[in-house]
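Trainee: Chains as they are written, first to last, in my numbering: chain U, 3 to 296; chain G, 3 to 296; chain Y, 3 to 296.
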C-alpha cells in the first residue's frame, strides 16, 4: 500500500493558538498538493488513551494510504520512540510510540513499524527546538510519507511490529449469562457511554430489540448504577429523557439517555476501572433497583 | 445546475471527538478530488432552528453547485425523511427534513426535493449502525452528489418541494409607524441581536444615519428592554460601550453594544417569543425610559 | 514573489456560527482551485496583540507566496486603513492596519504595503453591508491576490512600508548579568510563559543545560514570582510537576511546569507590564525565596 497524498492530524494542542497551523504550514511546504485534514485537536492534554480511541473511531473510514499524524506526547524529550507504522488495513500513523496505537494494534493490527531517524527526518533548521516535535518531526515526516518523498524504509530502521507499545486492558467476557466489560470512553458531546463490548458478544445474550437488559456499573468495585433498560435500535425507540442500551456507530454496546446526558446524570467516567455488566432480564422492575421507565 | 465538487458540512457533533473526521473520511473515500469544508459543528445540540439560520447565513456566499451536508437530527430513527434538495439559487443541501430548511425555503426557495433511498445510498457495510446517519447516509450521499456519481434522481424519489418541513414563524410587519419583528438569532460571539426585520422594511420608517430609534423588546409579552438608540452604519458610529441599531451583514436590522455584549447585558435570548419593536423618535430621552447615551 | 494559491485565515469570530464559512465561501467562489486553511479563529475578541503574535508564530512555517487574511478589527468603520503587505520573507498579509502587523514588522520586516481600494476590491453587491469587512473586503481581496487575479498594485495605492502601525514595546536587554524581558504571550493551552527574550540573548548568561536560573516576575512593579529554576532542554529534564526554564518552539525563553500550568499556578498574565528577569545562579536555594524543587 502506497500513500495517497492525504494527511489527517490529531493532537492535544487545541485550536486557539498557532501550533496546529504551524504543523499544517510545514506539511503544505513539503508539498502544496497534499490534502490536509483534522481528526481532532481537542484531545484532553496528555490523554494518550483518548488519542488511541479517536484513531480507532476514524482510521478505517478514510481511504487506505491515508497518513495520520497523532501528537499527544507528554514524554517529549524522553526515550519514548517516534515511529511510523503501517496498519493491516493499509493506513499509516506517525506518532510517539507511547500507547497511542493501543486500539489500532488490538483491533486492526500493525503490519510494519519503523523508528523515525531524526537526523534525516526533521524540519530544516529546527535543531535548536526541542519542545515541538509535532511540527518539527511528526508533521514533517508524515507529509513526506504522504507525498511519496520517502517510504517507510526512508523513515528509519524497522522495529518489530509486535512490540508496539500498548496499554494493558481486560477484554470483555461472557460467563453464566453475564457480560462483564468496561466503559471505554464517553461520547463526550452527548454523554453516552461507549463500552468495549462488541455487538457480536452482546448478541450471545439473546436480547432482542424491545427486550430489557439489567445494567450495573461499578467504579473501583463500588456500584454506581443499577437498572433495567430497554434494548433499542436507535434513540427514538425510547421516549425523550429515557435511557437505552443500543449498538453504537462502532458496533459496540452503548448506554445513553435519549436527548440527555447519561454520564453527567449518573456521574460516570471512562477507563478500565469503570466496569459495566449486562444481563438479560424479563422487564423493568425485575431487578430490585430497576425503576427506570422507558 | 450540476454539482461542483465541493462539500460543506454542518452538525451539532462538536469537534472534540472523531465524528466529524469520520464523515470527512467517508467523503474523501468517495472521491479524493472533493474539496471538503466546514460550516460549523458547534450548533447547540438538537437545535434545528439554529442549523437553519446558519445555512441562510452562508449558503449564497458559496458558489452555486456546492453541496451542503447538515446533520442536526434529534429524530434519527423516527419517520422524519432524509432528503437532498436543490435551492432556487443552485445550491444543494442534504439533511434530515426536520425544519433545517426553514430559512432557506422561505428566503431562497426550494426548486427540487428528493428523498434519500437508503437501500442505494448508504455506506457499504454500515447496515448494522443505526445511530450515525451523518456518516453512513448524509456524508456518503452528499459526497456522491458532489462528485457527480449520482444526481438528484439517483438520490431517490422526487417529493413536492412545497411540502418541505418548515417551522412556523411570524413575518415582520409595519403598522402605524411601528415595526414589529422578532429576534431571530444571537450573534453569539459578540452578543448582538439579529432580528428578522429586513433593511428594506426598516427603510420605510424614514430613519437616517444618526437618527434615533425607540427600541422595545418583550419576551412572552413582558417588556425586558426599552430605550432610544442611535441608528448607525457601523459600530464606530457610537462610542465604545454604547448601544446601536444597525444593518447587519445579512442586511437585517441588528442591535448591539460597540465592543460589548447586548444580549448578556440585558439577558435577552432569541426565538419567536422574543419580540422587538422599532419606531422613529426625535432623540434620546424622547421615550420616557430612554436614557442610553451614545 | 508571486502568490501560490494558498490562503490562511485568522480572526476573532470563533467557529460557532457561519462567519468563517461565509469568508471561505467568498474565497472558494473567487477560485475553486485555492487551498484554504486556518491559523486560528479563537483570538480573544478585539485582541490585536494576540493576533499579531499568532502571525509571527506561524507565518514562516508556510511556503513563501502564501496569503494570510487576518481580521481582528475593533475599528471597523473607523479610519484605520485596510492593507495588503508583502513581508521580507515573501509572505502576504491582508488585514486592518491596526497593530496586527507589530511582530511581523519587527521580526521579519515589511517589504511592501498597499492600501485596499474598496471601490475595486469588494465583494459584488456587498455595498449595503458595513459591518463584515472580513467577508466583503479581506477574504475577497486575499483570495483574488492568492489566485493571481490581482497583484499588490491591483490592491490599491502603495503606502510607505515603514509606517506600518505597530504597538510600542520594550526590547529585552542584558545589563550586569541580568536579562530584563517581558512575558509576550501565554501558551494558553499549557499555561507556559513565552517571553520576548531570544535564545541568543539568553546564551550570553552562560547558563548550561542543568544549571539554575533565578527567575523573578513583576506586574506593574509588584513582584509576583521569584524562584531558582533549572534550565532544561525539554520538559522531561525536570520531574512532572516541577518548573523549568527552556527554549520554546519559536526559540525564545519560556517558563513552564512539566505537565502543569505555570500561568494558572502563579496567576500570571501576558503583556508589556508583565516583566520577567533572568540571572544565572549557583543552584536552587541560592536565592532566598528559591525553594522550588525540580
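The beta-carbon is built from N, C-alpha and C at its ideal position, and this holds for glycine as well.
Can you have a look at residue 137 (chain U) and say buried or exposed, based on whether 16 or more other CB atoms are within 10 angstroms of its CB?
Mentor: One-based indexing of the first chain puts residue 137 (chain U) at position 135. When all chains shown are included, residue 137 (chain U) counts as buried.
Trainee: Strictly under 8 Å for the Cβ-Cβ distance: is residue 30 (chain Y) near chain U by that measure?
Mentor: For the purposes of this step, residue 30 (chain Y) is identified with residue 28 of the third chain, where counting begins at 1. No, because no Cβ of chain U sits closer than 8 Å to the Cβ of residue 30 (chain Y).
Trainee: Flag residue 20 (chain Y) as yes if its beta-carbon sits less than 8 Å from any beta-carbon of chain G, otherwise no.
Mentor: In the third chain, the residue the question calls residue 20 (chain Y) occupies position 18. In terms of beta-carbon proximity, residue 20 (chain Y) lines the interface with chain G, with at least one pair separated by less than 8 Å.
Trainee: Can you find a C-beta in chain U that's less than 8 Å from the C-beta of residue 33 (chain Y)?
Mentor: Residue numbering aside, residue 33 (chain Y) sits at position 31 when the third chain is read from its first letter. Chain U, which has no Cβ nearer than 8 Å to the Cβ of residue 33 (chain Y), makes this no.
Trainee: Mind checking if residue 131 (chain G) is an interface residue toward chain U, Cβ cutoff 8 Å exclusive?
Mentor: To locate residue 131 (chain G), count along the second chain from 1; it is residue 129. Output row for residue 131 (chain G): interface = yes.
Trainee: Mark residue 23 (chain Y) as exposed unless 16 or more other C-beta atoms lie within 10 angstroms of its C-beta, in which case mark it buried.
Mentor: What you label residue 23 (chain Y) is simply residue 21 of the third chain in a count that begins at 1. Answer is buried; the Cβ neighbour count reaches 16.
Trainee: My understanding is that residue 278 (chain Y) touches residue 219 (chain Y), with C-beta atoms under 8 Å, so please give their C-beta distance in whole angstroms.
Mentor: In the third chain, counting from the first residue as 1, residue 278 (chain Y) sits at position 276. In the third chain, counting from the first residue as 1, residue 219 (chain Y) sits at position 217. Rounded, the Cβ-Cβ distance is 5 Å, consistent with contact.
Trainee: For the beta strand (DSSP E) containing residue 144 (chain G), list its first residue and its last residue.
Mentor: For this step, residue 144 (chain G) is matched to residue 142 along the second chain. Not the beta strand (DSSP E): residue 144 (chain G) falls in the alpha helix (DSSP H), residues 142 to 148.
Trainee: Taking only three categories from DSSP, how would you classify residue 78 (chain Y)?
Mentor: Counting from 1 along the third chain, the entry for residue 78 (chain Y) is found at position 76. Note: residue 78 (chain Y) maps to coil in three-state DSSP.
Trainee: Name, going along the chain, the residues of the stretch 71 to 83 of chain G whose beta-carbon falls closer than 7 Å to a beta-carbon of chain B.
Mentor: Among the protein chains of the structure shown, namely U, G and Y, there is no chain B.
Trainee: Per DSSP, which one or two residues make a beta bridge with residue 224 (chain U)?
Mentor: Reading the first chain from its first residue, position 222 is the one you call residue 224 (chain U). Its beta-bridge partners are U:221.
Trainee: Report the residue ranges of all alpha helix (DSSP H) runs contained in full by the stretch 243 to 269 of chain G; include only those spanning at least 4 residues, in chain order.
Mentor: 264 to 267
Trainee: Assuming residue 175 (chain G) is part of the alpha helix (DSSP H), what are its boundary residues?
Mentor: Stepping through the second chain from its first residue, residue 175 (chain G) is reached at position 173. In the DSSP assignment, residue 175 (chain G) falls outside any alpha helix (DSSP H) and lies within the beta strand (DSSP E) extending over 175 to 177.
Trainee: Would you grab the beta carbon distance between residue 236 (chain G) and residue 102 (chain Y) for me? Rounded to a whole angstrom, and I think it's under 8 Å.
Mentor: Locating residue 236 (chain G) in the second chain gives position 234, counting from the first residue. Locating residue 102 (chain Y) in the third chain gives position 100, counting from the first residue. 19 Å between Cβ atoms; not a contact.
Trainee: Go ahead and label residue 197 (chain U) buried or exposed: buried means 16 or more other beta carbons lie within 10 angstroms of its beta carbon, across all protein chains shown.
Mentor: Residue numbering aside, residue 197 (chain U) sits at position 195 when the first chain is read from its first letter. Here residue 197 (chain U) is buried: its Cβ has 16 or more other Cβ atoms, across all protein chains shown, within 10 Å.
Trainee: Would you verify that the beta carbon of residue 108 (chain G) is, or is not, closer than 8 Å to some beta carbon of chain Y?
Mentor: If you number the second chain from 1, residue 108 (chain G) lands on position 106. It does not; no Cβ of chain Y falls within 8 Å.
Trainee: Under 9 Å Cβ-Cβ, which residues of chain Y neighbour residue 209 (chain G)?
Mentor: Within the second chain, numbered from 1, the residue matching residue 209 (chain G) stands at position 207. Within chain Y, no residue comes near residue 209 (chain G); the closest Cβ sits about 15 Å away, beyond 9 Å.
Trainee: Under 7 Å Cβ to Cβ from residue 298 (chain G), same chain only, skipping five residues before and after it: list those, please.
Mentor: This structure does not reach residue 298 (chain G), given that chain G is present from 3 up to 296, and the question cannot be answered.
Trainee: Determine, for residue 41 (chain G), whether the minimum Cβ-Cβ distance to residues of chain Y falls below 8 Å.
Mentor: Within the second chain, the letter at position 39 stands for residue 41 (chain G). Output row for residue 41 (chain G): interface = yes.
Trainee: Less than 8 Å between the beta carbons of residue 77 (chain G) and residue 40 (chain G), yes or no?
Mentor: Numbered from 1 along the second chain, position 75 holds the residue referred to as residue 77 (chain G). Numbered from 1 along the second chain, position 38 holds the residue referred to as residue 40 (chain G). Not closer than 8 Å, so no.
Trainee: To the nearest angstrom, how far is it from the Cα of residue 67 (chain Y) to the Cα of residue 93 (chain Y)?
Mentor: Position 65 of the third chain, counting from 1, holds the residue named residue 67 (chain Y). Position 91 of the third chain, counting from 1, holds the residue named residue 93 (chain Y). The alpha-carbon atoms of residue 67 (chain Y) and residue 93 (chain Y) are separated by roughly 5 Å.
Trainee: Note the first and the last residue of the continuous beta strand (DSSP E) segment covering residue 108 (chain Y).
Mentor: On the third chain, residue 108 (chain Y) is found 106 positions in, with the first residue counted as 1. Where residue 108 (chain Y) is concerned, there is no enclosing beta strand (DSSP E), although the alpha helix (DSSP H) it sits in stretches over 104 to 109.
Trainee: Using a Cβ-Cβ cut-off of 8 Å, state whether residue 279 (chain Y) counts as contacting chain G.
Mentor: By one-based count along the third chain, residue 279 (chain Y) stands at place 277. Chain G, which has no Cβ nearer than 8 Å to the Cβ of residue 279 (chain Y), makes this no.
Trainee: Roughly how many whole angstroms lie between the Cα atoms of residue 293 (chain Y) and residue 270 (chain Y)?
Mentor: Walking along the third chain from the start, residue 293 (chain Y) turns up at place 291. Walking along the third chain from the start, residue 270 (chain Y) turns up at place 268. In this predicted model, residue 293 (chain Y) has a pLDDT of only 42, less than 50, meaning its place in the structure is not dependable; the value taken from the coordinates is given anyway. Cα to Cα, residue 293 (chain Y) sits roughly 19 Å from residue 270 (chain Y).
Trainee: Fully enclosed by the stretch 166 to 212 of chain Y, which alpha helix (DSSP H) runs are 4 residues long or longer?
Mentor: Listed in chain order, they are 201 to 205.
Trainee: Below 8 Å on the Cβ atoms is my guess for residue 116 (chain G) versus residue 75 (chain G); work out the distance and round it to an integer in Å.
Mentor: Start at 1 with the first residue of the second chain, and residue 116 (chain G) comes out as number 114. Start at 1 with the first residue of the second chain, and residue 75 (chain G) comes out as number 73. In fact, because the Cβ distance is near 18 Å, the residues do not count as touching under 8 Å.
Trainee: According to the neighbour-count rule (16 or more other Cβ atoms, all chains shown, within 10 Å of its Cβ), is residue 160 (chain G) buried or exposed?
Mentor: Within the second chain, the letter at position 158 stands for residue 160 (chain G). It is exposed - the Cβ of residue 160 (chain G) has fewer than 16 other Cβ atoms within 10 Å.
Trainee: Write down the C-beta distance between residue 59 (chain U) and residue 203 (chain U) rounded to the nearest angstrom, noting that I regard them as a contact closer than 8 Å.
Mentor: The residue labelled residue 59 (chain U) in the question sits at position 57 within the first chain. The residue labelled residue 203 (chain U) in the question sits at position 201 within the first chain. Contact flag wrong, Cβ pair sits at about 19 Å.
Trainee: Give the DSSP bridge partners of residue 276 (chain Y), in chain order.
Mentor: Residue 276 (chain Y) sits at position 274 when you count from the first residue of the third chain. For residue 276 (chain Y), which the question treats as bridged, DSSP gives the partners Y:221.
Trainee: Less than 8 Å between the beta carbons of residue 113 (chain Y) and residue 89 (chain Y), yes or no?
Mentor: For this step, residue 113 (chain Y) is matched to residue 111 along the third chain. For this step, residue 89 (chain Y) is matched to residue 87 along the third chain. Here residue 113 (chain Y) is near residue 89 (chain Y), since their CB atoms are less than 8 Å apart.
Trainee: Let me know if residue 86 (chain G) comes out buried or exposed under the rule of 16 or more other beta-carbons within 10 Å of its beta-carbon.
Mentor: Your numbering for residue 86 (chain G) matches position 84 in the second chain. By the neighbour-count rule (16 or more Cβ atoms within 10 Å), residue 86 (chain G) is buried.
Trainee: What is the rounded straight-line gap between the Cα of residue 61 (chain Y) and the Cα of residue 266 (chain Y)?
Mentor: Numbered from 1 along the third chain, position 59 holds the residue referred to as residue 61 (chain Y). Numbered from 1 along the third chain, position 264 holds the residue referred to as residue 266 (chain Y). One C-alpha to the other measures close to 28 Å.
Trainee: Residue 97 (chain G) and residue 140 (chain G) - do their beta-carbons sit closer together than 8 Å?
Mentor: As a first step, residue 140 (chain G) must be located in the second chain, where it is residue number 138. As a first step, residue 97 (chain G) must be located in the second chain, where it is residue number 95. It is a contact, given that the beta carbons lie within the stated cut-off.
Trainee: May I ask you to report which of helix, strand or coil DSSP gives residue 33 (chain U)?
Mentor: One-based indexing of the first chain puts residue 33 (chain U) at position 31. In the structure shown, residue 33 (chain U) sits in coil (DSSP, three-state: anything other than H, G, I, E or B).
Trainee: If the cut is a Cβ gap below 7 Å, which residues of chain U does residue 212 (chain G) touch?
Mentor: Counted from its first residue, the second chain places residue 212 (chain G) at position 210. Ordered by position in chain U, no residue passes the 7 Å Cβ test against residue 212 (chain G), which lies about 39 Å from the chain.
Trainee: Taking 8 Å as the CB-CB limit, is residue 268 (chain U) close to chain G?
Mentor: For the purposes of this step, residue 268 (chain U) is taken as residue 266 along the first chain, with counting starting at 1. The beta carbon of residue 268 (chain U) sits no closer than 8 Å to any beta carbon of chain G.
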